[in-house]
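So the structure is just underneath, and the comments pick up after that.
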Amino acid sequence: MLGVFAQARFAPGPDRFTSSVRLDQLHELEEWVKGLRSPRWPEHLGGPYTIDPGLAARGEKLYRSNCVACHALRDPDGRFPQNLDVASELDPNVIRVVATPLEVLRTDPKFLMNFGAKSSADSLADLVSAGRDDQVPRPALLQAVVRQVIGRTLAEQGLTPGSEEFQRRLAQLGGFRRAAGAPPLGGRGYKSRPLDGAWATAPYLHNGSVPNLEQMLLPEEDRVDSFYLGSRRFDPVRVGFETGPGQRRFEFRSEQSDGSHLAGNSNLGHSGPRFTQTTGQDGAYRDFLGEERRALIEFIKTIE
Numbered sequence: 001m002l003g004v005f006a007q008a009r010f011a012p013g014p015d016r017f018t019s020s021v022r023l024d025q026l027h028e029l030e031e032w033v034k035g036l037r038s039p040r041w042p043e044h045l046g047g048p049y050t051i052d053p054g055l056a057a058r059g060e061k062l063y064r065s066n067c068v069a070c071h072a073l074r075d076p077d078g079r080f081p082q083n084l085d086v087a088s089e090l091d092p093n094v095i096r097v098v099a100t101p102l103e104v105l106r107t108d109p110k111f112l113m114n115f116g117a118k119s120s121a122d123s124l125a126d127l128v129s130a131g132r133d134d135q136v137p138r139p140a141l142l143q144a145v146v147r148q149v150i151g152r153t154l155a156e157q158g159l160t161p162g163s164e165e166f167q168r169r170l171a172q173l174g175g176f177r178r179a180a181g182a183p184p185l186g187g188r189g190y191k192s193r194p195l196d197g198a199w200a201t202a203p204y205l206h207n208g209s210v211p212n213l214e215q216m217l218l219p220e221e222d223r224v225d226s227f228y229l230g231s232r233r234f235d236p237v238r239v240g241f242e243t244g245p246g247q248r249r250f251e252f253r254s255e256q257s258d259g260s261h262l263a264g265n266s267n268l269g270h271s272g273p274r275f276t277q278t279t280g281q282d283g284a285y286r287d288f289l290g291e292e293r294r295a296l297i298e299f300i301k302t303i304e
């Protein structure tokens, strides 16, 4: 709700949890978005955009050995793995994704730190369990606000909270359903989505600190510490936008002049075993070879 710049009233009183949210219209937009498909690699452009089938096949083997546990692929019926624990008749297509703990992924923590920080409960104190210092995790505050605003909106439409019709409408509006238990607010990790269309989403990592797929598959210590953003010229080999200086481009830096990483801009993480390494013939992990990186990139181009 707040992500679409809506306003809501939180203070106790007759107008509490009224909002500017247009719930039905948001639902219509979400239903429309469900019909979108990821962009297909533009092989029709020829030249460097032409897929090498043999190289892509070798990349698929590497992908299935090292990447698919987090970044799922479609099954032969064209479906991604489903989360059957939360899917319902009204909302059957719930893709199962993996949340990798920050301690394992080791990417920049600033986003999670901001989202998982605590704030004063203030006028929401009657809805959440605050500590002695009146501080509550922000996800708990967000959950309470969204639940109450949606509940009031549906109640104003004549639906009784807890009724069968009320629950049916919740199931329609974005996959709401009765919670099986307390929300997992304590964990810290990033979700790993399927990589269909990922070729078109550079720069990479959640903070955009890695310019292209080639850099993404390098060990973290070998990645560039700065590059330029603003180009619309695509590099089909490295799979990302051109990163050199130019007119109306600005420099992204992951490090400060003293070598320390800028808060929020770190390009570390997603490196090491099963990230930028695979097992060799001796069973030990080693960095991807150049040809293996090229094969993985070639396969990722084909994921739809």
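Using full-length UniProt numbering, the first residue of the sequence shown is number 1, and each one after it goes up by one. Ideal Cβ positions, reconstructed from N, Cα and C, are used throughout, including at glycine.
Check	Outcome
Taking only the alpha-carbon atoms, compute the straight-line gap between E43 and G290 and give it to the nearest angstrom.	23 Å
So who's on the other strand from I95, going by DSSP bridges?	Q82
Cα separation between L218 and N114?	28 Å
For the segment 21-30 against the segment 145-165, do three or more pairs of beta-carbon atoms, one drawn from each stretch, fall closer than 8 Å, so that the two count as touching?	yes
Once DSSP output is grouped into helix, strand and coil, what is the label at L154?	helix
Taking the beta strand (DSSP E) that Y228 falls in, what are its first and last residues?	S226 to L229
In three-state DSSP terms, what is S192?	strand
Can P39 and A202 be called in contact, C-beta distance under 8 Å?	no
Please classify I297 as buried or exposed, where buried requires at least 16 other C-beta atoms within 10 Å of its C-beta.	buried
What is the DSSP secondary structure of Q215, counted as helix, strand or coil?	helix
Taking one C-beta from the segment 213-228 and one from the segment 117-127 each time, how about it: are there three or more such pairs within less than 8 Å?	no
Closest to V239 by CA distance: which of T276, G13, I300 and E30 is it?	I300
Spell out a yes or no on whether the segment 29-38 and the segment 236-255 are touching, meaning 3 or more CB-CB pairs, one atom from each, closer than 8 Å.	no
With which residues is K118 paired in a DSSP beta bridge?	P137
If we ignore side chains and look at the alpha-carbon of each, how far apart do residue 336 and A56 end up?	Outside the displayed span of the chain (1 to 304) sits residue 336, for which this structure offers no information.
When you compare only the Cα positions, how much space is there between L105 and Y190?	8 Å
Run the CB neighbour count on Q135, radius 10 Å, all protein chains shown included, and call it buried at 16 or more, exposed below.	exposed
Span of the beta strand (DSSP E) holding D287?	Y285 to D287
Determine the extent of the beta strand (DSSP E) in which Q247 is found, giving its start and end residues.	Per DSSP, Q247 belongs to no beta strand (DSSP E) and is neither H nor E.
First and last residue of the alpha helix (DSSP H) that includes Q25?	L23 to V33
What residues in its chain sit with their C-beta under 7 Å from that of T279, if we drop five residues either side in the sequence?	Y285
Taking the beta carbon of S19 as the centre, do at least 16 other beta carbons fall within 10 Å, making it buried, or is it exposed?	buried
At the level of alpha carbons, what is the spacing between L205 and A140?	26 Å
What is the rounded straight-line gap between the Cα of Q215 and the Cα of E221?	10 Å
Straight-line CA distance for R147 to K118?	19 Å
For the putative contact between S192 and T100, defined by C-beta atoms under 8 Å, what is the C-beta separation to the nearest angstrom?	6 Å
Which same chain residues end up closer than 6 Å to D196 when comparing Cβ atoms and leaving out the 5 residues on each side of it in sequence?	S38, I303 and E304
Using three-state DSSP, classify G54 as helix, strand or coil.	helix
Compute the distance between the beta-carbons of P53 and V237, then report whether it is under 8 Å.	no
Could you tell me the alpha carbon to alpha carbon distance between L2 and D15, rounded to whole angstroms?	Caution applies to L2, whose pLDDT of 43 falls short of 50 and renders its modelled position unreliable; the model cannot decide the point.
How is G197 classed by DSSP in three states: helix, strand or coil?	coil
Quick check on this structure: which residue in D282, H270, G283 and E292 has the alpha carbon closest to the alpha carbon of L102?	H270
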